[in-house]
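Each remark here refers to the structure printed beneath this line.
Numbering (our numbering), first residue to last: 124 to 291.
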């Protein structure tokens, strides 16, 4: 086992009591601490609570990932200060995705990861269809374009980041 997760809060649907979600999010962070493992955070429409709980439960340990990050540049800085990586997926390729594109350009290279979130959040040009891991190349291409680097450089940096985070 190399990490815990994905754990977090999802306020988009009203399928689960928010107090219960917060309780178990704390418990799962404590498990990550106990095992000294990084954790992957799911945050959907719960930015303030996720950040607050992560700060309250924080330890200078393994860190983790803000999976499929959807917050602002300013919020990303707060998570990075806690030792977390920002992972971007398909939405960064969407034509009107102003904020994800800003985040892609602002996150320090040593704190950036990419992903697909299969089967969801399919990048352009396949938006609306089932997402597949092979589509991560479209996420990488868009971020490389935003950062004005080669796709190979972006791939190498994000691979190094992943290996460092998970101690591989």
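Think of the CB as a built atom: it goes at the ideal place given N, C-alpha and C, for glycine as much as any other residue.
Exposed or buried, what is residue i when buried is set at 16 or more other beta-carbons lying within 10 Å of its beta-carbon?
i	result
residue 177	buried
residue 125	exposed
residue 197	exposed
residue 235	buried
residue 279	exposed
residue 231	exposed
residue 257	exposed
residue 240	buried
residue 193	buried
Under 8 Å by Cβ, that's how I've got residue i and residue j pegged, so tell me the actual separation to the nearest angstrom.
i	j	result
residue 203	residue 163	Contact flag wrong, Cβ pair sits at about 15 Å.
residue 246	residue 226	Contact doesn't hold; Cβ gap of about 15 Å is too wide.
residue 127	residue 211	21 Å between Cβ atoms; not a contact.
residue 259	residue 238	7 Å
residue 129	residue 165	5 Å
residue 283	residue 274	At roughly 15 Å, the Cβ-Cβ gap does not stay under 8 Å, so residue 283 and residue 274 are not in contact.
Counting only the same chain and skipping the five closest in sequence on each side, list residues whose C-beta sits under 6 Å from that of residue i.
i	result
residue 144	132
residue 167	133 and 135
residue 185	159, 160 and 161
Helix or strand or just coil, what does DSSP make of residue i?
i	result
residue 232	helix
residue 213	helix
residue 127	strand
residue 142	helix
residue 293	No answer is possible for residue 293: it lies beyond the span of the chain, which begins at 124 and ends at 291.
residue 250	coil
residue 158	helix
Quick one: residues in its chain with C-beta nearer than 7 Å to the C-beta of residue i, no 5 flanking neighbours on either side, listed in chain order?
i	result
residue 195	222
residue 242	253 and 254
residue 228	269 and 270
residue 172	132 and 145
residue 191	210, 212, 238, 240 and 244
Excluding sequence positions up to five away, which residues of its chain have a Cβ less than 8 Å from the Cβ of residue i?
i	result
residue 180	149, 152, 153 and 156
residue 291	125 and 285
residue 251	245
residue 174	198, 201 and 202
residue 218	247
residue 205	177, 178, 181 and 186
residue 183	206
residue 101	No information on residue 101 is available, as it lies outside the stretch 124 to 291 that the chain covers here.
### Task
Let me know the alpha helix (DSSP H) ranges lying completely inside the region 254 to 290, each 4 residues or longer, listed in chain order.
Counting only runs of 4 or more, we get 259 to 270 and 274 to 288.
### Query
Can you give, in chain order, each stretch of the alpha helix (DSSP H) that sits fully within the region 169 to 208 and has at least 4 residues?
Within the region 169 to 208, the complete alpha helix (DSSP H) segments at least 4 residues long are 170 to 179 and 196 to 204, listed from N- to C-terminus.
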